[in-house]
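Taking it in order: structure first as structure tokens, then the write-up.
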Amino acid sequence: MLTVTGSCDLSALEAELHEIRESLLAAEVSRAEEIAAAHPRHRRSAANLVHYVELRNHDIRDLQTRLGLMGLSSLGRSEPYVLATIEAVLSVLAVLTNQAPPKPLADIALTEGNDLLTSNANLLLGPTPTGRSTRIMVTMPSEAKDDSELIKQWIASGMDLARINCAHDDPQAWSQMIGRLRAAMGANEQRCRVTMDLGGPKLRTGPLLAGPRVVRIRPQRSQSGHVIAPALIRLVAYGEPRPASHHLHAGIADLPIDNPAWLHRRQRGDRIELLDCRGARRHWEVIDADEECCVASSTQTTYVITGLEIACKTTDGHDLATVGELDETEQMHRVQLGDRITLTRSLDPVAPQPGATAHSIGCTLPEVFRSARPGERIWLDDGKIGGAINDVDDDHLELIVSDIRPGGANLKAGKGINLPDTDLQLDALTAQDLEDLEFVARHTDVVNLSFVRRPEDVEHLQRELHRLEAEDIGIVLKIENKAAFENLPELLLTAMRSPCVGVMIARGDLAVEVGFDRLAEVQEEIMWACEAAHVPVIWATQVLDTLARVGQASRAEVTDAAMSQRAECVMLNKGPYISEAIGALDSILTRMHHHQDKKRSLLRRLR
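Using our numbering, the first residue of the sequence shown is number 1, and each one after it goes up by one.
The structure is reproduced here in structure tokens:
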């Protein structure tokens, strides 16, 4: 029998839930036009998203606690069916208080919400893989255009989708990649979907003057200065591709030689003599030679420039050759705490000055100078260098560095610029994107919209796809800036006018924009909103990154990969060990599939 206090508590809970229910229904009426504009397959999901946003406009933490103490649903997993969850709790409370339950108005039943998300994920990303609910997307490197066997290996390891970034390579290379992918699949029943990222507006640092064409060759030395491993120099014919053989050392130096016949005459044990560009006399010993090249070793540090003469002593005298054109060295600003950096409208290459405290570099987008204001934050190179805007005019923007690691950091050309506080008036679709979209519309299953900020960006893409008669292509919104996160409900409602929709959490730029300390919170909020909209999520950026790059994962990366199982897809970036990363991620996702489903822990029997 209920106590008087218990009865009062139940009545209070019932009243609060009725009030929330009415606010959800009122929100649905107020946004009826946006809901009606959604594609028919998404219309009920759009209403559920509106209900969820309205629910989150209330602070219901105390209500959740009291519901939980009564053994009722705390609404903490209500995302896929918000109104139905509230009505279910009200029905139970009505029985307990001998009241008539409310007339059900929810369009999405408790048994239906998860099925809608699963159906939408299958439509966008392909069928659910065997043994796991989360798909694996792999970014195609340039070499994929020439190697079907490599792609076969990725598919066998667990790749479900291939991602091509239009910011790299060209239509010919993209076409070759897709052709290799189709060939690699062959008669395999598993169909690997193709997704393509539009490049978007590139907010990057401008060019720097290249350094001298010089190569420093040096052996490894102990702390006491003794040589513990000689330097290795690979001599190749100028203009010829680097040979695949002689993988002797990770730091081997390649030098082009202008005389192929000279190379062909080299034999093991030959002694090569030269005066380096400082006038220091040096000698190298040939330790390996074949028809393609020869490899020499040296125990002395040598500086080599283009045109340097080298000689090999023979019985007939000195056999001479010349070093061919060397690559220019990359230069960079060395930036310290308190330094001033000036971004300029001009993209003329500038020369870094050693020891300087004031640095100048171009900015690729002139819109920055019209939109930025003093006091707003600015980050360079994925958040490595940060500060506040000190001054800005039509051609210059000055910042004072206040956030940088101890000892300083290098600022190079082509590095990203983030302005999280600035209302940049940029179209997400550039002229280059519109040109690339002609290819994308004919060859891909999904197009990823980069640097989306406002609903108008999504509408523009939808119009272009309609013009190209490609409305059925899936659209993925890349959430990679603060504006996109803040406008997420509106972006989703606009995107849901298309039949096939998804969201990618581009955690690299997003972390810089919202702050690294807020990233975990922000990515959770994105996933909850997308679950309410029954929109599949792609968890992206730096998943098992060190494993893909150097062959060994960190503990933090493995934990991150395990948490990614709550998304419908996980994206891997490029790297020499990408096959190992795919296999590891497949194993992690398969095991986590039995323990976690979105926010719900699955209590399988412990062993």
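Heads up, the beta-carbon is just placed ideally off N, CA and C, and yes, glycines get one too.
Flag this pair as yes or no: are the beta carbons of residue i and residue j separated by less than 9 Å?
i: Leu-461; j: Leu-365; result: no
i: Val-89; j: Leu-69; result: no
i: Val-570; j: Met-137; result: yes
i: Ile-538; j: Ala-567; result: yes
i: His-618; j: Ala-27; result: Residue 618 lies beyond the range of the chain shown here (1 to 607); nothing can be said about it.
i: Leu-547; j: Ala-584; result: yes
i: Val-295; j: Asp-270; result: no
i: Leu-49; j: Pro-489; result: yes
i: Leu-429; j: Asp-457; result: yes
i: Leu-274; j: Leu-235; result: no
i: Ser-297; j: Pro-230; result: yes
i: Met-196; j: Arg-218; result: no
i: Arg-340; j: His-359; result: yes
i: Leu-24; j: Leu-55; result: yes
i: Ser-142; j: Ala-173; result: yes
i: Met-185; j: Lys-145; result: no
Whose CA, out of the options, lies closest to the CA of residue i?
i: Arg-453; options: Lys-412, Glu-471, Glu-438, Ala-495; result: Ala-495
i: Thr-590; options: Ala-511, Leu-424, Gln-565, Tyr-577; result: Gln-565
i: Leu-397; options: Val-537, Arg-377, Pro-207, Lys-202; result: Arg-377
i: Ala-109; options: Asn-120, Ala-84, Leu-117, Val-95; result: Ala-84
i: Lys-598; options: Val-335, Ser-133, Ser-30, Asp-169; result: Ser-133
i: Lys-415; options: Ala-47, Lys-202, Gln-99; result: Lys-202
i: Glu-531; options: Leu-510, Gly-502, Ala-511, Val-550; result: Gly-502
i: Val-447; options: Asp-423, Lys-478, Asn-418, Asp-421; result: Lys-478
i: Phe-485; options: Arg-497, Arg-518, Glu-459, Ala-470; result: Arg-518
i: Cys-312; options: Ala-261, Ile-272, Ala-183, Ala-511; result: Ile-272
i: Val-401; options: Val-350, Arg-442, Leu-347, Thr-342; result: Thr-342
i: Leu-63; options: Pro-40, His-39, Glu-16; result: Glu-16
Along the chain, where does the beta strand (DSSP E) containing residue i start, and where does it finish?
i: Asn-448; result: 446-449
i: Asn-165; result: 161-165
i: Glu-285; result: 281-289
i: Gly-113; result: Unbroken run through Gly-113 is the alpha helix (DSSP H), 113-125; no beta strand (DSSP E).
i: Ile-378; result: 377-380
i: Gly-68; result: That residue, Gly-68, is in no beta strand (DSSP E); its alpha helix (DSSP H) goes 61-69.
i: Leu-609; result: Not covered by the structure: residue 609. The range shown for the chain is 1 to 607.
i: Ile-228; result: 227-229
Output the distance between the C-alpha atoms of residue i and residue j, rounded to the nearest integer angstrom.
i: Val-214; j: Asp-382; result: 29 Å
i: Ile-578; j: Leu-437; result: 28 Å
i: Ala-47; j: Gln-523; result: 22 Å
i: Leu-308; j: Phe-516; result: 49 Å
i: Ala-372; j: Asn-390; result: 10 Å
i: Leu-603; j: Asp-160; result: 28 Å
i: Thr-444; j: Pro-171; result: 12 Å
i: His-283; j: Cys-293; result: 18 Å
i: Leu-181; j: Gly-131; result: 23 Å
i: Leu-248; j: His-595; result: Its pLDDT being 40, under 50, Leu-248 is placed unreliably by the model, and the measurement read from it follows with that caveat. Taking the straight line joining both Cα atoms gives about 45 Å.
i: Leu-105; j: Leu-198; result: 41 Å
i: Leu-150; j: Gly-239; result: 27 Å
i: Ala-280; j: Asp-395; result: 47 Å
i: Pro-499; j: Glu-22; result: 30 Å
i: Thr-205; j: Ile-475; result: 29 Å
i: Asn-573; j: Leu-208; result: 27 Å
i: Thr-357; j: Glu-330; result: 20 Å
i: Thr-301; j: Gly-362; result: 36 Å
i: Pro-101; j: Asn-487; result: 36 Å
i: Asp-423; j: Gly-575; result: 35 Å
i: Ser-30; j: Ser-91; result: 26 Å
i: Ile-252; j: Thr-299; result: 13 Å
i: His-226; j: Gly-355; result: 31 Å
i: Leu-337; j: Leu-326; result: 34 Å
i: Trp-154; j: Val-194; result: 14 Å
i: Ala-511; j: Asn-481; result: 8 Å
i: His-246; j: Glu-79; result: Its pLDDT being 39, under 50, His-246 is placed unreliably in this model, and the coordinates cannot settle the point.
i: Ala-38; j: Trp-528; result: 20 Å
i: Glu-291; j: Thr-306; result: 23 Å
Taking the alpha helix (DSSP H) that residue i belongs to, which residues open and close that run?
i: Cys-192; result: Looking at the DSSP string, Cys-192 is not in any alpha helix (DSSP H), and its letter there is neither H nor E.
i: Asp-436; result: 431-443
i: Gly-502; result: Segment 501-506 is the beta strand (DSSP E) holding Gly-502; no alpha helix (DSSP H) there.
i: Asp-391; result: No alpha helix (DSSP H) holds Asp-391; the beta strand (DSSP E) holding it covers 385-392.
i: Ala-581; result: 578-592
i: Ser-45; result: 43-55
i: Leu-96; result: 82-96
If you measure from the CB of residue i, is any heavy atom of the ligand GDP nearer than 8 Å?
i: Ala-483; result: Looking at this structure, you won't find the ligand GDP or any other ligand, since it has none at all.
Item to complete: May I ask you to verify whether the region 403-421 touches the region 464-471, counting CB pairs closer than 8 Å and requiring at least 3?
Response: Contact between the region 403-421 and the region 464-471 is absent, with fewer than three C-beta pairs closer than 8 Å.
Item to complete: Specify whether the region 489-507 and the region 532-547 touch according to this definition: at least 3 beta carbon pairs, one from each stretch, less than 8 Å apart.
Response: Yes, the region 489-507 is in contact with the region 532-547.
Item to complete: Please determine if the region 521-540 and the region 118-126 are in contact, where contact requires at least 3 C-beta pairs separated by less than 8 Å.
Response: Three or more pairs of CB atoms, one per stretch, sit closer than 8 Å, so the region 521-540 contacts the region 118-126.
Discussion item. Closer than 8 Å is the cut-off here; do at least three beta carbon pairs connect the region 252-272 with the region 320-333?
Written reply: Contact between the region 252-272 and the region 320-333 is present, because at least three Cβ pairs lie under 8 Å.
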